[in-house]
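Residue numbers (our numbering), protein chains in the order written: chain C, 61 to 220; chain V, 0 to 184. We put the CB at the ideal spot given by N, CA and C, even for glycine. Since the model is a prediction, treat every value here as computed from it, not as a measurement. Here's the structure, in structure tokens; my notes come after.
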Amino acid sequence: MNVTTLFINALAGVCLVFALIKDRTKTKQALKMAVISFFRIFPTLLAIIIIIGLLSAFVPESQISKIVGKNAGFRGVLTVAFLGAILHIPSLISFPLAASLLEKGASITSVAVFITTLTMIGMVTLPLEIRILGKKLALLRNGLSFIIAIIIGLIMGAIL
Amino acid sequence: MKKMSKKQQKKGLVKDMLFLGITLAIAVVLLLMFPEKREPVISSSRGFFMEMILILPAVMILMGLFAVFVPNDVIVKYLGRSSGIKGIFLAILMGAFPTGPLYVAFPIAATLLKKGARISNIIAFLSAWACIKIPQELVELQFLGLKFMITRLLLTVVFVVIMGIAIEQIVLWSEKKNNKHEQTL
């Protein structure tokens with residue numbers, strides 16, 4: 061177990077104790093939600109874990125770095141930005157995938173861009189967003205998010 | 000509304016199981032064809048699985064606690080009346096606390112819009128809800144490290160503020176233009 065794992069579990073433990081002291085029924089409700097969401101995310105988690113395994117054994121590093129590596133250039137960045145925008149992977153699960161890509165030679169820029177567009181832009185939820193918030197706000201938010209995700213990624217690639 | 004979301008959830012679960020099934024089938028076929036790849040696939044998958052399974056229950060508990068103890072009307076109460084620089088950072092903080100998918104945040108944003116909250120705050124709130132979740136940052140910390148997580152977090156906050164202000168200006172400008180247009184007609 062590393063420090064981060066310990067920290068996350070300790071944080072959850074402390075919050076849980078405080079919650080129990082504050083309100084027992086609410087805490088029970090929260091725990092029930094936690095169990096449900098755990099099982100809800102589990103199939104996708106397994107699938108992504110399998111994909112990570114296959115990716116690391118079958119796709120050579122040179123191939124990954126050619127598509128999303130340092131030398132892939134701006135076209136590579138645009139590709140991952142677009143992929144992040146259309147894919148519908150729970151963001152929690154995207155981090156191990158991003159880490160495995162990073163290990164295999166993807167650039168920091170493309171990994172950061174991928175995570176940012178994946179979380180900020182929802183093509184699947186866009187129709188709902190348009191209906192509730194109006195076309196102007198929804199399109200502006202998603203469109204500008206695409207651009208700032210690329211800027212964030214480029215800055216991260218430059219300073220890290 | 001609740002019934003529909005349950006039905007949608009079921010549909011989502013079926014889709015996820017299908018995705019898992021297809022992935023599993025492809026993995027089995029590939030590993031039967033290339034037995035020498037079994038070892039690297041299994042060891043790599045196992046490593047990531049262990050890392051994830053050690054933190055996922057804790058992350059889910061945190062998300063559950065946030066969802067129950069920070070109800071939506073509290074958010075609306077605080078954001079409806081705040082303004083200025085303080086307002087936009089409060090919006091980001093409010094977006095970062097509660098959990099749930101982005102579509103839960105849309106009705107909250109719509110309520111805020113009706114209540115007269117500033118557009119920049121609403122955009123910041125939505126963006127923070129989408130990508131600055133506290134449990135999510137913890138998983139990012141675990142897999143991508145402190146430097147990556149902090150840098151991306153700070154940059155995201157800065158650009159979300161800029162984006163909120165920019166969208167507000169665009170909307171105000173286009174409304175002004177429309178008004179002028181109507182007056183000349």
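Contact set for C/ILE181: own chain, Cβ-Cβ below 8 Å, skip 5 residues either direction: Within the same chain, C/ILE181 has close Cβ partners GLY144, ALA145, ASN202, SER205, PHE206 and ALA209.
Can you list, in chain order, the residues of the segment 180 to 195 of chain C whose Cβ is nearer than 7 Å to any Cβ on chain V? Those residues of the segment 180 to 195 of chain C that come within reach of chain V (Cβ to Cβ, closer than 7 Å) are MET180, GLY182, THR185, LEU188, GLU189, ILE192 and LEU193.
DSSP-derived helix/strand/coil call for C/ILE149: Secondary structure at C/ILE149: coil, using DSSP grouped into helix, strand and coil.
Identify every run of the alpha helix (DSSP H) within the segment 97 to 173 of chain V, keeping only runs that are complete inside it and at least 4 residues long; order them along the chain. Fully enclosed alpha helix (DSSP H) runs of no fewer than 4 residues occupy 101 to 113, 118 to 130 and 133 to 143 of the segment 97 to 173 of chain V, in order along the chain.
Evaluate the contact criterion for the segment 99 to 116 of chain C versus the segment 11 to 22 of chain V: three or more CB pairs, one atom per stretch, below 8 Å. The segment 99 to 116 of chain C, when compared against the segment 11 to 22 of chain V, does touch it at the 8 Å Cβ threshold.
Three-pair Cβ contact test at 8 Å for the segment 62 to 70 of chain V versus the segment 23 to 32 of chain V: No, the segment 62 to 70 of chain V does not touch the segment 23 to 32 of chain V.
What does V/VAL170 reach in chain C if we use C-beta pairs closer than 9 Å? For V/VAL170, the chain C residues whose C-beta falls within less than 9 Å of its own C-beta are LYS196, LEU197 and LEU200, listed in chain order.
Closer than 9 Å by beta-carbon distance: list the chain V residues that pair up with C/ILE228, in chain order. Here chain C comprises residues numbered 61 to 220, so residue 228 of chain C is not present and cannot be evaluated.
I believe V/GLU167 touches V/SER119 by the beta-carbon criterion, under 8 Å. Please report the beta-carbon distance rounded to the nearest angstrom. Contact holds; Cβ gap of about 4 Å.
Extent of the continuous alpha helix (DSSP H) run through C/ASP83: Counting along the chain, C/ASP83 sits inside no alpha helix (DSSP H), nor does DSSP assign it H or E at all.
Could you check whether the Cβ of V/PHE124 sits closer than 7 Å to any Cβ belonging to chain C? Judged by the 7 Å Cβ criterion, V/PHE124 is not in contact with chain C.
Three or more C-beta pairs under 8 Å: does that hold for the segment 153 to 170 of chain V against the segment 121 to 130 of chain V? Three or more pairs of CB atoms, one per stretch, sit closer than 8 Å, so the segment 153 to 170 of chain V contacts the segment 121 to 130 of chain V.
V/LYS76 CB to nearest chain C CB: under 7 Å? Chain C contact via Cβ: absent.
For V/GLU38, count neighbouring C-beta atoms within 10 Å of its own C-beta (all shown protein chains included) and say buried if the count is 16 or more, exposed if not. With fewer than 16 other beta carbons inside 10 angstroms of its own, V/GLU38 counts as exposed.
Within-7 Å CB hit, C/CYS75 to chain V: Yes - at least one Cβ of chain V is within 7 Å of the one on C/CYS75.
Between V/ILE164 and chain C, is any beta-carbon pair separated by less than 7 Å? V/ILE164 does not count as touching chain C.
Which of the three DSSP states, helix, strand or coil, is assigned to V/PRO70? Under the three-state reduction of DSSP, V/PRO70 is assigned to coil, being neither helix nor strand.
Using only the alpha-carbon positions, how far apart do C/VAL77 and C/LYS88 sit? In this structure, the straight-line span from the alpha carbon of C/VAL77 to that of C/LYS88 is close to 12 Å.
Which residues of the segment 30 to 44 of chain V have a Cβ closer than 9 Å to any Cβ of chain C? Give them in chain order. Result list: LEU30, PHE33, LYS36, ARG37, GLU38, PRO39, VAL40, ILE41, SER42, SER43 and SER44.
Does the distance from the CB of C/SER151 to the CB of V/GLN135 come in under 7 Å? At the C-beta level, C/SER151 and V/GLN135 come within 7 Å of one another.
Looking at the structure shown, is C/ASN131 part of a helix, part of a strand, or coil, going by DSSP? Reduced to three states, the DSSP call for C/ASN131 is helix.
Around the Cβ of V/LYS1, are there at least 16 other Cβ atoms within 10 angstroms (buried) or fewer (exposed)? Summary for V/LYS1: the model assigns pLDDT 41, below 50, so the residue's position carries little reliability; its value from the coordinates is reported in the next sentence. Answer is exposed; the Cβ neighbour count stays below 16.
Since C/ASN202 is in the alpha helix (DSSP H), which residue starts that stretch and which ends it? Looking at the DSSP string, the run of the alpha helix (DSSP H) that includes C/ASN202 is 195 to 219.
Whole-angstrom distance between C/VAL119 and V/VAL138, CA atom to CA atom: Between the alpha carbons of V/VAL138 and C/VAL119 lies a gap of roughly 25 Å.
Is the beta carbon of C/GLY165 sitting closer than 7 Å to the one on C/GLY129? Yes, the pair counts as a contact, with Cβ atoms nearer than the cut-off.
I need the straight-line Cα distance from V/ALA109 to C/LYS195, nearest angstrom please. Between the C-alpha atoms of V/ALA109 and C/LYS195 there is a straight-line separation of about 13 Å.
Please list, in chain order, the chain C residues whose beta carbon lies closer than 8 Å to that of V/LYS146. Near V/LYS146 (Cβ distances below 8 Å), the residues of chain C are LEU220.
Please classify C/ALA70 as buried or exposed, where buried requires at least 16 other C-beta atoms within 10 Å of its C-beta. C/ALA70 comes out exposed.
If we require 4 or more residues per run, which alpha helix (DSSP H) segments fall completely within the segment 6 to 86 of chain V? 37 to 68 and 71 to 79, all fully within the segment 6 to 86 of chain V.
Taking all protein chains shown into account, do 16 or more other C-beta atoms lie within 10 angstroms of the C-beta of V/LYS10, making it buried, or fewer, making it exposed? A residue is called buried once 16 or more other Cβ atoms fall within 10 Å of its Cβ, and V/LYS10, having fewer, is exposed.
So, at 6 Å on beta carbons, what are the nonlocal neighbours of V/ALA104 in its own chain, with the 5 sequence-adjacent residues on each side left out? LEU125 and TRP128, listed in sequence order.
Reduced DSSP secondary structure (H/G/I, E/B, other) of C/PRO187: Of the three classes helix, strand and coil, the one that applies to C/PRO187 here is helix, per DSSP.
Which same chain residues end up closer than 8 Å to C/LEU80 when comparing Cβ atoms and leaving out the 5 residues on each side of it in sequence? Excluding sequence positions up to five before and after C/LEU80, its CB lies within less than 8 Å of the CB of THR87, all in the same chain and listed in chain order.
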